[in-house]
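Chains as they are written, first to last, in our numbering: chain A, 38 to 563; chain B, 1183 to 1309. Every residue, glycine too, gets a C-beta built ideally from N, C-alpha and C. Small disclaimer: the values here were computed from a predicted structure and weren't measured. Below: the structure, in structure tokens.
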């Protein structure tokens, strides 16, 4: 126990991140089931309006700040040093500080539940003046702000550590253009973190100062500007969307290549598209503010459309990797195919709402809820499962059960689409997001019922995953060092890896050193 | 390092370009400043990398380097355990909750943070 509390080893810290994110994922999942219970039928009163506000605030906050993004950081903590042949991260103690600050940030946010007046209830965006004034008094909102501030600092420590590690600690021969795609994607993510998260830390501090020390940044009656809050928040908020997806583009690129038995198609294209997405995403923040009428809609719309181009390049590369490959439909690959299908829907609807005329109609409706769940739920979450099934043997030396894995996938895939596809139609019919109930008009009652059934199916999918982890951990069947015949450097060491990662490093002469090690003749001929 | 410098420089140039386009299309000072700071920050990182590159001989930058060529090289000591990072994290929390409940928590939290930072510094010096 003490060794986990005081460890500065990147693998233990990575596992701490990942296991904590799964605990928060289970809590966030329970919150979403509560929401779907409330919305299963029109005009229900399972929860009060205020309790419902707290539910969606905590669900959104948990999924964004405590599950999806930090899972990527945990995976990067575990994998990046292994993938580049480093003994640890560049700053191990900063790394340990980051993970504990992250864990405490989550506990602080949820501690608001026990505060008088309940937890924060202003949504994950916490727009001022709703969040900055007495309109939302109470320690719950304060604890939320403190938690988010700690979370942003923890995330910045991850960014610093990843950039320094990737630039400075690569093994001999591991030039940048030989790094695995996952490491490249994490580098792009880390740079985005360093540019975007200070904005979140600043705006959170400003809110704390407004609430407790009489500052007036966002109060128009005293020369403040609530739109300033939105600018600062979304300057972090939109890159954050890509902080939550770029690591998983890396996961998908690695997994698809291995289970197609081919090198990744268009390595350079994948790398450059990651940086194009990262760069463009820094210039689209106000497409979340089209309807304020206070931003240059044309500029932000154009920039948002442009992001579709490098994202399309990635799809092209993934399809090219699978093309004429010997595709093996193991569980990680199934989750990646699920990712491709879901993320495509999320991406295409993203292009739709990048157009201000369409955005004016769909803003704050369930259409938007469906859109971002298809990108972050159907996209990132499916890639998270792919990553867990793929790298679990490397982390713990044992494989997860394939049959339970496939049950897990099909339940999640069916449940996910049953939950979120109807939400597009609810949005088109005018159902607003963040409302605790609705009138029984049009198709809304049966569409909502369908979504609630889908959520229950997803919950069974999550249960299958938990069961799989427990049973496989108890069975402890040795997986071997490289059960998949994978390519990147982490598969050239033992499973789990030794304390400083490698007893002996193989020569690194391409972006597939583990494959080169197993096939020296073929590697030499190339 | 060349890749690193190219990465920072191209990102900075891109940031400067969209900053210019944004300013001329919106005349919004806030957003233009954010993009400007981003661009300047990246340019500073590129400049720093160029200066640092003069003295750097990173093993990872040499495509033909053998592992044995680094044998015996002093890489320092990689920390295995330290209690101070978790103490520092708790101290930060202690200080911040003081904003809600008591100035006493803020000051004691700040003192605890300083103690942790001092101990971390001392630990680094030993390593």
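Taking buried to mean at least 16 other C-beta atoms within 10 Å of its own C-beta, is residue i buried or exposed?
i: residue 349 of chain A; result: exposed
i: residue 452 of chain A; result: buried
i: residue 1281 of chain B; result: buried
i: residue 446 of chain A; result: buried
i: residue 243 of chain A; result: buried
i: residue 535 of chain A; result: exposed
i: residue 188 of chain A; result: buried
i: residue 17 of chain A; result: As displayed, chain A neither begins before 38 nor continues past 563, which places residue 17 of chain A out of reach and without an answer.
i: residue 525 of chain A; result: buried
i: residue 360 of chain A; result: exposed
i: residue 543 of chain A; result: buried
i: residue 49 of chain A; result: buried
i: residue 203 of chain A; result: buried
i: residue 41 of chain A; result: exposed
i: residue 1306 of chain B; result: exposed
Express the C-alpha separation of residue j and residue i in angstroms, rounding to a whole number.
i: residue 1252 of chain B; j: residue 517 of chain A; result: 29 Å
i: residue 314 of chain A; j: residue 1283 of chain B; result: 43 Å
i: residue 510 of chain A; j: residue 429 of chain A; result: 10 Å
i: residue 1227 of chain B; j: residue 319 of chain A; result: 17 Å
i: residue 251 of chain A; j: residue 166 of chain A; result: 13 Å
i: residue 545 of chain A; j: residue 358 of chain A; result: 22 Å
i: residue 120 of chain A; j: residue 215 of chain A; result: 10 Å
i: residue 273 of chain A; j: residue 494 of chain A; result: 34 Å
i: residue 146 of chain A; j: residue 333 of chain A; result: 34 Å
i: residue 1301 of chain B; j: residue 1292 of chain B; result: 14 Å
i: residue 353 of chain A; j: residue 302 of chain A; result: 9 Å
i: residue 298 of chain A; j: residue 548 of chain A; result: 15 Å
i: residue 473 of chain A; j: residue 456 of chain A; result: 17 Å
i: residue 498 of chain A; j: residue 97 of chain A; result: 20 Å
i: residue 134 of chain A; j: residue 1199 of chain B; result: 37 Å
i: residue 363 of chain A; j: residue 296 of chain A; result: 7 Å
i: residue 210 of chain A; j: residue 1240 of chain B; result: 10 Å
i: residue 485 of chain A; j: residue 75 of chain A; result: 10 Å
i: residue 170 of chain A; j: residue 233 of chain A; result: 25 Å
i: residue 85 of chain A; j: residue 468 of chain A; result: 19 Å
i: residue 131 of chain A; j: residue 208 of chain A; result: 22 Å
i: residue 198 of chain A; j: residue 123 of chain A; result: 13 Å
i: residue 245 of chain A; j: residue 336 of chain A; result: 32 Å
i: residue 412 of chain A; j: residue 1248 of chain B; result: 43 Å
Considering Cα atoms alone, identify which of the options is closest to residue i.
i: residue 1299 of chain B; options: B:1286, B:1269, B:1283, B:1228; result: B:1269
i: residue 108 of chain A; options: A:68, A:280, A:46; result: A:280
i: residue 221 of chain A; options: A:197, A:283, A:181; result: A:283
i: residue 339 of chain A; options: A:351, A:249, A:324, A:436; result: A:324
i: residue 459 of chain A; options: A:309, A:73, A:153, A:425; result: A:73
i: residue 344 of chain A; options: A:368, A:450, A:385, A:238; result: A:385
i: residue 205 of chain A; options: B:1193, B:1210, B:1197, B:1244; result: B:1244
i: residue 1224 of chain B; options: A:527, A:228, A:439, A:299; result: A:228
i: residue 106 of chain A; options: A:503, A:408, A:51; result: A:51
i: residue 330 of chain A; options: B:1201, B:1296, B:1208, B:1192; result: B:1208
i: residue 152 of chain A; options: A:417, A:180, A:249; result: A:180
i: residue 60 of chain A; options: A:93, A:99, A:200, A:467; result: A:99
i: residue 1184 of chain B; options: B:1221, B:1265, B:1230; result: B:1230
i: residue 402 of chain A; options: A:423, A:461, A:39; result: A:461
i: residue 289 of chain A; options: A:235, A:374, A:248; result: A:374
i: residue 501 of chain A; options: A:527, A:530, A:440, A:466; result: A:440
i: residue 239 of chain A; options: B:1216, B:1206, B:1189; result: B:1216
i: residue 66 of chain A; options: A:317, A:95, A:437; result: A:95
i: residue 162 of chain A; options: A:326, A:411, A:247; result: A:326
i: residue 53 of chain A; options: A:64, A:371, A:136; result: A:136
Per the DSSP calculation, residue i is bridged to which residue(s)?
i: residue 469 of chain A; result: A:402
i: residue 435 of chain A; result: A:515
i: residue 1263 of chain B; result: A:44
Any heavy atom of the ligand SAH within a distance shorter than 7 Å of the CB on residue i?
i: residue 133 of chain A; result: In terms of ligand content, the structure shown is empty, and the ligand SAH therefore cannot be addressed.
Q) Closer than 8 Å, Cβ to any Cβ of chain A: which residues of the segment 1194-1209 of chain B, in chain order? A) The segment 1194-1209 of chain B vs chain A, Cβ under 8 Å: 1196, 1197, 1200, 1203, 1204, 1207, 1208.
Q) Which residues, in order along the segment 1234-1251 of chain B, keep a beta-carbon less than 8 Å from a beta-carbon of chain A? A) For the segment 1234-1251 of chain B, the set of positions with a beta-carbon nearer than 8 Å to some beta-carbon of chain A reads 1240, 1241, 1242, 1243, 1244, 1245, 1246, 1247, 1248, 1249, 1251 in chain order.
Q: Could you run through the segment 1258-1273 of chain B and flag, in chain order, every residue whose CB is less than 8 Å away from some CB of chain A?
A: Cβ contacts with chain A come from 1260, 1261, 1262, 1263, 1264, 1265, 1266, 1267, 1268, 1270, 1271, 1272.
Q) Name the residues in the segment 232-259 of chain A whose C-beta lies less than 8 Å from a C-beta of chain B; which are they? A) Correct list: 232, 236, 245, 249.
Q.
Give me the subset of the segment 1279-1305 of chain B whose CB atoms are less than 7 Å from a CB atom of chain A, sorted by chain position.
A. Residues passing the 7 Å Cβ filter: 1279, 1281, 1282, 1302.
**Q.** Members of the segment 130-144 of chain A near chain B, C-beta cut-off 9 Å
**A.** With the criterion set as a beta carbon lying under 9 Å from some beta carbon of chain B, the members of the segment 130-144 of chain A are 130, 131, 132, 133, 134, 135, 136, 137, 138, 139, 140, 141, 142, 144, in sequence order.
**Q.** Near-chain B residues of the segment 43-63 of chain A (beta-carbon distance less than 9 Å), N- to C-terminal order
**A.** Only 43, 44, 45, 46 from the segment 43-63 of chain A bring a Cβ to less than 9 Å from some Cβ of chain B.
Q) Between the segment 207-220 of chain A and chain B, which residues of the former have a C-beta closer than 8 Å to a C-beta of the latter? A) Against chain B - using a Cβ distance shorter than 8 Å - the residues of the segment 207-220 of chain A are 207, 208, 209, 210, 211, 212, 213, 214, 215.
Q) Which residues, taken in chain order from the segment 330-354 of chain A, show a beta carbon closer than 8 Å to some beta carbon of chain B? A) Of all residues in the segment 330-354 of chain A, 332, 333, 335, 336, 340 have a Cβ within less than 8 Å of some Cβ in chain B.
Q) Any residues in the segment 260-273 of chain A with a beta carbon nearer than 7 Å to a beta carbon of chain B? Which ones, in chain order? A) Residues passing the 7 Å Cβ filter: 265, 268, 272.
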